[in-house]
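The numbering of the sequence shown is the UniProt record's numbering, which starts it at 1 and goes up by one. Even glycine gets a Cβ: it sits at the ideal position worked out from N, Cα and C.
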Amino acid sequence: MEPGDGRQQGGERPRDRGDLLTRALGIVGVGLVGGSVGLAARGAGWEVVGVDRPEVLERAVDLGAIDRPSTLKEVRGTDLVVLAAPISKVTALISDLAPTDALVTDVASAKNAIVREAEANSLRFVGGHPMAGSQLAGVANAKPDLFHGARYFLTTTQNTDPNDYREVSNFVRELGAVPTAVDPEKHDLLMAALSHLPHLMAAALLKVASDISPEALSFAGPSFRDLTRVGASNPGLWSDILAENAPALGEALAHFAGAMAQLGSEIQDRKAIENRFLAAREAYDALGGILVEKSGENADVAIPVENRPGVFAEVTTLMGSNGINIHDLYVRHSNTERAALVLTLDAKAAPAARALLREAGFGAEIQS
Ligand SMILES: NC(=O)c1ccc[n+]([C@@H]2O[C@H](COP(=O)([O-])OP(=O)(O)OC[C@H]3O[C@@H](n4cnc5c(N)ncnc54)[C@H](O)[C@@H]3O)[C@@H](O)[C@H]2O)c1
Ligand SMILES: O=C(O)C(=O)C[C@]1(C(=O)O)C=C[C@@H](O)C=C1
Numbered sequence: 001m002e003p004g005d006g007r008q009q010g011g012e013r014p015r016d017r018g019d020l021l022t023r024a025l026g027i028v029g030v031g032l033v034g035g036s037v038g039l040a041a042r043g044a045g046w047e048v049v050g051v052d053r054p055e056v057l058e059r060a061v062d063l064g065a066i067d068r069p070s071t072l073k074e075v076r077g078t079d080l081v082v083l084a085a086p087i088s089k090v091t092a093l094i095s096d097l098a099p100t101d102a103l104v105t106d107v108a109s110a111k112n113a114i115v116r117e118a119e120a121n122s123l124r125f126v127g128g129h130p131m132a133g134s135q136l137a138g139v140a141n142a143k144p145d146l147f148h149g150a151r152y153f154l155t156t157t158q159n160t161d162p163n164d165y166r167e168v169s170n171f172v173r174e175l176g177a178v179p180t181a182v183d184p185e186k187h188d189l190l191m192a193a194l195s196h197l198p199h200l201m202a203a204a205l206l207k208v209a210s211d212i213s214p215e216a217l218s219f220a221g222p223s224f225r226d227l228t229r230v231g232a233s234n235p236g237l238w239s240d241i242l243a244e245n246a247p248a249l250g251e252a253l254a255h256f257a258g259a260m261a262q263l264g265s266e267i268q269d270r271k272a273i274e275n276r277f278l279a280a281r282e283a284y285d286a287l288g289g290i291l292v293e294k295s296g297e298n299a300d301v302a303i304p305v306e307n308r309p310g311v312f313a314e315v316t317t318l319m320g321s322n323g324i325n326i327h328d329l330y331v332r333h334s335n336t337e338r339a340a341l342v343l344t345l346d347a348k349a350a351p352a353a354r355a356l357l358r359e360a361g362f363g364a365e366i367q368s
């Protein structure tokens, strides 16, 4: 798409820099996620304008998350618009933004209703959702590398234009994330189980322990902390997300209640509980770590290592001292006695890395 090709309906390009290669990005809602998009996009050469409250935009300019403040009317003339306001505001923003020929995406944590609204307004729309974030809010907590290596869902429906999908997925790669196509309904079911239910569970666990006595929480160990970290999430954001995904979350909650009741009925049956934990461990092992996009140029090398201090440094030093660049690394089975350290390397360097690792006494396999 060329800038200035007559797409603007009620909007102007933010700035005519006489440079056809400068791409203009409009971000509506410059908070934690919108600000992180802005920082990453500016780093990738986009001109970024933002729409939010004046004090937020002032801060966003100071932090380098946007080039300058803008308006909803003006962002209609940008090449790409990212809606990054709270989820309950997104459907209204879509109808306020229409009509526009700009390509529009969003970052909201539930997709079905938003995608339907965009299609009803005939927007060029590809819904988005980065699987990265934090319990913090606001542009002050935005980070340019928030999306690095993260899965980034992009919704597809029978109405999705393949060229629009390609443009948005290229943008997602520029943010450092890995695009993953998903049907909006399936996305919401997955998120109910993988994100929304865990947030509710954290709130419930914190309540159960707090109800025992006021000081109960001060006795908590690592397992309770691991399970409840997201209980400290932004309350406004989460009441919004959960309400938006209520139908799918209802299903996940019913399933969870059934699973808890089943476990409760088996507590005295040691064999049954042992089998439940064996199944749980297998499921946990399948979680993996950060996502690395596989291309013909990269290969993963999996190295079984003991869970002991210094072992990762031994491996990374071995690679570094032999001029082998590690693009990414993650650990599988991180809570067991042994772990698998997985390195992503240039495919050409993988055989040499395997030989070096084996010489140094590590098992190492190349995975395609
Ligand atoms: N926080 C996370 O971990 C996370 C991760 C992935 C996706 N998301 C999604 O990202 C979106 C934003 O979340 P966040 O964590 O960045 O929240 P945030 O509170 O940090 O930022 C939201 C921003 O939107 C602004 N805003 C509110 N109403 C607006 C409107 N009508 N027009 C323009 N701006 C408006 C607010 O002033 C604020 O600056 C949500 O839809 C959420 O579902 C969040
Ligand atoms: O890391 C966190 O704190 C998150 O909650 C991130 C998290 C999640 O994994 O559930 C939360 C909401 C987003 O929609 C995507 C990712």
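Rounded to whole angstroms, what is the Cα-Cα separation between residue i and residue j?
{"i": "residue 357", "j": "residue 281", "result": "28 angstroms"}
{"i": "residue 44", "j": "residue 144", "result": "10 angstroms"}
{"i": "residue 121", "j": "residue 93", "result": "11 angstroms"}
{"i": "residue 162", "j": "residue 156", "result": "9 angstroms"}
{"i": "residue 27", "j": "residue 77", "result": "12 angstroms"}
{"i": "residue 123", "j": "residue 24", "result": "18 angstroms"}
{"i": "residue 223", "j": "residue 232", "result": "16 angstroms"}
{"i": "residue 235", "j": "residue 252", "result": "21 angstroms"}
{"i": "residue 348", "j": "residue 324", "result": "10 angstroms"}
{"i": "residue 308", "j": "residue 284", "result": "21 angstroms"}
{"i": "residue 250", "j": "residue 360", "result": "52 angstroms"}
{"i": "residue 89", "j": "residue 56", "result": "17 angstroms"}
{"i": "residue 202", "j": "residue 265", "result": "23 angstroms"}
{"i": "residue 217", "j": "residue 197", "result": "22 angstroms"}
{"i": "residue 363", "j": "residue 245", "result": "45 angstroms"}
{"i": "residue 102", "j": "residue 80", "result": "6 angstroms"}
{"i": "residue 227", "j": "residue 68", "result": "40 angstroms"}
{"i": "residue 260", "j": "residue 318", "result": "46 angstroms"}
{"i": "residue 35", "j": "residue 355", "result": "44 angstroms"}
{"i": "residue 53", "j": "residue 302", "result": "48 angstroms"}
{"i": "residue 176", "j": "residue 49", "result": "20 angstroms"}
{"i": "residue 278", "j": "residue 267", "result": "15 angstroms"}
{"i": "residue 164", "j": "residue 207", "result": "45 angstroms"}
{"i": "residue 65", "j": "residue 195", "result": "27 angstroms"}
{"i": "residue 275", "j": "residue 262", "result": "13 angstroms"}
Residues in the same chain with beta-carbon distance under 6 angstroms from residue i, minus the five sequence neighbours each way, listed in chain order, please.
{"i": "residue 241", "result": "87 and 109"}
{"i": "residue 125", "result": "104 and 118"}
{"i": "residue 180", "result": "151 and 153"}
{"i": "residue 185", "result": "112"}
{"i": "residue 82", "result": "27, 37 and 105"}
Let me check you understand the geometry: is the CB of residue i closer than 7 angstroms to at least one non-hydrogen atom of ligand 2?
{"i": "residue 129", "result": "yes"}
{"i": "residue 64", "result": "no"}
{"i": "residue 133", "result": "yes"}
{"i": "residue 233", "result": "yes"}
{"i": "residue 122", "result": "no"}
{"i": "residue 223", "result": "no"}
{"i": "residue 169", "result": "no"}
{"i": "residue 178", "result": "no"}
{"i": "residue 49", "result": "no"}
{"i": "residue 82", "result": "no"}
{"i": "residue 195", "result": "yes"}
Below 8 angstroms CB to CB, which residues in the same chain sit around residue i once its five sequence neighbours on both sides are set aside?
{"i": "residue 351", "result": "366"}
{"i": "residue 238", "result": "199"}
{"i": "residue 96", "result": "72"}
{"i": "residue 311", "result": "305 and 341"}
{"i": "residue 204", "result": "none"}
Can you name the start and end residues of the alpha helix (DSSP H) that residue i belongs to?
{"i": "residue 188", "result": "184-191"}
{"i": "residue 318", "result": "311-321"}
{"i": "residue 32", "result": "32-43"}
{"i": "residue 79", "result": "Looking at the DSSP string, residue 79 is not in any alpha helix (DSSP H), and its letter there is neither H nor E."}
{"i": "residue 228", "result": "222-228"}
{"i": "residue 171", "result": "162-174"}
{"i": "residue 298", "result": "Careful: residue 298 lies outside any alpha helix (DSSP H), inside the beta strand (DSSP E) at 298-306."}
{"i": "residue 240", "result": "235-244"}
{"i": "residue 136", "result": "Unbroken run through residue 136: none, as it is neither H nor E."}
{"i": "residue 114", "result": "112-120"}
Tell me which residues share the same chain as residue i and place their Cβ nearer than 7 angstroms to its Cβ, disregarding the 5 neighbours each side in the sequence.
{"i": "residue 59", "result": "139 and 140"}
{"i": "residue 31", "result": "84, 137, 138 and 139"}
{"i": "residue 169", "result": "154 and 179"}
{"i": "residue 71", "result": "51"}
{"i": "residue 372", "result": "An answer regarding residue 372 cannot be provided, because it is not within the stretch 1 to 368 covered by the chain."}
Got a sec: does ligand 1 put a non-hydrogen atom nearer than 7 angstroms to the Cβ of residue i?
{"i": "residue 38", "result": "no"}
{"i": "residue 107", "result": "yes"}
{"i": "residue 89", "result": "yes"}
{"i": "residue 34", "result": "yes"}
{"i": "residue 241", "result": "yes"}
{"i": "residue 29", "result": "yes"}
On the DSSP letters alone, give me the boundaries of the beta strand (DSSP E) that residue i sits inside.
{"i": "residue 267", "result": "Here residue 267 belongs to no beta strand (DSSP E), and DSSP marks it neither H nor E."}
{"i": "residue 105", "result": "103-106"}
{"i": "residue 130", "result": "128-130"}
{"i": "residue 47", "result": "47-51"}
{"i": "residue 91", "result": "Run containing residue 91: none in the beta strand (DSSP E); it sits in the alpha helix (DSSP H), 87-97."}
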